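Contents: one structure, followed by commentary.
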Ligand code: LMR
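Numbering (full-length UniProt numbering), first residue to last: 3 to 398.
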């Protein structure tokens, strides 16, 4: 049986974690996978999460299954976080969340929903996008296409994006990154979002908005601006939300697919399909992470603590971005890398070539994705000069 099974290369992002772990150079620097690190190089568990876990430990009475849509309190509170506490969609019961194993699970559920329930619709991804978007939707059996986003000059090209969207087949699905675009860090400005919305309306496209970094861009509410604009203006919308980064719950696999429908009855139809699809994927979702998030969002004190911690992470990443550009100045490179300070979220498309990325890794033990994506959230202020020096050496 297995004789015919060939070996495939490891995941280009996750395999960097292993390569970094095996590197014995004390000066090694991990800018690979998108996880936040503190000044000690650790990915901390937020205090709000620890406190919520302690409460759950004392109060939890059962480990029986949660339902197909997961923890209802989690779904309700996360939907409020994404759509706004007073969103009419929630009061009119036109939107609700289905809990999923992480944002990736939400994307897969969306992919399978599109294939089962909207047959023939293609999905359009930004070029470039998170590599798993490419493979995940193809595995789900969807026809995957691309619209331009960041060009070879490493600049956001809104005109090319809009022009391409204008020619998409009517009714197709377009995947948009709500904020903190992965892998580039280049986000649309509000005026760009409004233009995209007009094209979405004109072409009757169904947006699938990937919202994995709420709170890491300009702020928790600010980052939701485009999602809420689309939710207000369109009858139907799919949103994938992740609690991996903003709650630091990476390994607990906590996320949701939020559906906005034209009316409450239609929402029930769509959700019946999601529960049925999820049953065949993972049956029911893991409980712990969602219970933690529900605790935090349902308690003013815990929520306040979490908001402070999240804001601390966001501000730290933003200051590392500026710090890196400053550290590059003595090498005459601050202009060339000025975009690092303008980009948002964890990631920066640095503009470094695959060869330069390879040299950084082999000569300086600096690990980043081959595309030139650096996880700025993996840096520390005390290491900026070292990184700038290494970058300067490979840019000579
Ligand atoms: C990343 O892009 O590094 C993160 O989203 C983590 C992942 O699962 O790839």
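All C-beta atoms, glycine included, are put in the ideal place defined by N, C-alpha and C.
Just so you know, these numbers come straight off a predicted model, no measurement behind them.
CA-to-CA distance, residue j to residue i, given in whole angstroms
i, j, result
"residue 380", "residue 16", "14 angstroms"
"residue 251", "residue 47", "8 angstroms"
"residue 32", "residue 342", "17 angstroms"
"residue 293", "residue 66", "13 angstroms"
"residue 395", "residue 270", "58 angstroms"
"residue 188", "residue 210", "18 angstroms"
"residue 184", "residue 349", "6 angstroms"
"residue 26", "residue 366", "12 angstroms"
"residue 192", "residue 75", "31 angstroms"
"residue 246", "residue 255", "7 angstroms"
"residue 10", "residue 173", "35 angstroms"
"residue 182", "residue 339", "18 angstroms"
"residue 359", "residue 369", "8 angstroms"
"residue 90", "residue 356", "47 angstroms"
"residue 130", "residue 51", "33 angstroms"
"residue 244", "residue 214", "5 angstroms"
"residue 24", "residue 43", "16 angstroms"
"residue 100", "residue 93", "17 angstroms"
"residue 387", "residue 132", "29 angstroms"
"residue 41", "residue 180", "28 angstroms"
"residue 312", "residue 302", "15 angstroms"
"residue 275", "residue 207", "20 angstroms"
"residue 223", "residue 3", "53 angstroms"
"residue 392", "residue 28", "15 angstroms"
"residue 385", "residue 165", "42 angstroms"
"residue 217", "residue 286", "28 angstroms"
"residue 364", "residue 226", "39 angstroms"
"residue 98", "residue 21", "40 angstroms"
Boundaries of the alpha helix (DSSP H) in which residue i is found, first to last residue
i, result
"residue 2", "Past the edges of the chain, shown from 3 to 398, lies residue 2, and the structure says nothing about it."
"residue 356", "356 to 366"
"residue 198", "192 to 204"
"residue 52", "49 to 61"
"residue 308", "302 to 330"
"residue 280", "266 to 283"
"residue 76", "74 to 85"
"residue 229", "227 to 235"
"residue 3", "Taken as a continuous stretch (DSSP letters only), residue 3 belongs to no alpha helix (DSSP H), as it is neither H nor E."
"residue 396", "386 to 397"
"residue 140", "133 to 141"
"residue 342", "341 to 344"
Extent of the continuous beta strand (DSSP E) run through residue i
i, result
"residue 377", "375 to 377"
"residue 126", "125 to 129"
"residue 149", "146 to 150"
"residue 350", "349 to 351"
Residues that residue i bridges to, as DSSP identifies them
i, result
"residue 101", "258"
"residue 179", "212"
"residue 241", "211 and 260"
"residue 32", "369"
"residue 158", "152"
Contact set for residue i: own chain, Cβ-Cβ below 8 angstroms, skip 5 residues either direction
i, result
"residue 1", "With the chain covering 3 to 398 only, the question about residue 1 has no answer from this structure."
"residue 45", "37, 38, 39, 250 and 252"
Residues near residue i in its chain [Cβ-Cβ closer than 7 angstroms; skip 5 each side]
i, result
"residue 54", "294, 297, 298 and 304"
"residue 139", "113, 125 and 146"
"residue 163", "149, 150 and 151"
"residue 123", "116, 173, 174 and 175"
"residue 49", "307 and 311"
"residue 289", "68 and 73"
Contacts around residue i, its chain only, beta-carbon distance under 6 angstroms, and the 5 residues preceding and following it disregarded
i, result
"residue 272", "261 and 263"
"residue 315", "38"
"residue 58", "293"
"residue 259", "100, 102, 108, 111, 112 and 242"
"residue 178", "209 and 211"
"residue 196", "none"
"residue 248", "216, 217 and 312"
Quiz item: So, do the stretch 152 to 166 and the stretch 99 to 111 have three or more beta carbon pairs nearer to each other than 8 angstroms?
Solution: Taking a contact to require three or more Cβ pairs closer than 8 angstroms, the stretch 152 to 166 and the stretch 99 to 111 do not qualify as touching.
Practice problem: For the stretch 233 to 246 and the stretch 255 to 267, state whether three or more C-beta atom pairs, one from each stretch, are separated by less than 8 angstroms. | Solution: The stretch 233 to 246 and the stretch 255 to 267 touch, with no fewer than 3 CB-CB distances between them shorter than 8 angstroms.
Quiz prompt | Segment contact flag, the stretch 221 to 233 with the stretch 84 to 95, C-beta cutoff 8 angstroms, min 3 pairs | solution = Look at the beta carbons and you see the stretch 221 to 233 touching the stretch 84 to 95: at least three pairs across the two are nearer than 8 angstroms.
Quiz item: Is it true that the stretch 279 to 286 meets the stretch 70 to 83, where meeting means three or more beta-carbon pairs spaced less than 8 angstroms apart?
Solution: Judged by Cβ distances under 8 angstroms, the stretch 279 to 286 makes contact with the stretch 70 to 83, as three or more pairs qualify.
Quiz item: Can you pull every residue whose C-beta falls closer than 5 angstroms to some heavy atom of the ligand SAM, listed in chain order?
Solution: By its list of ligands, the structure shown excludes the ligand SAM, since it contains just the ligand LMR.
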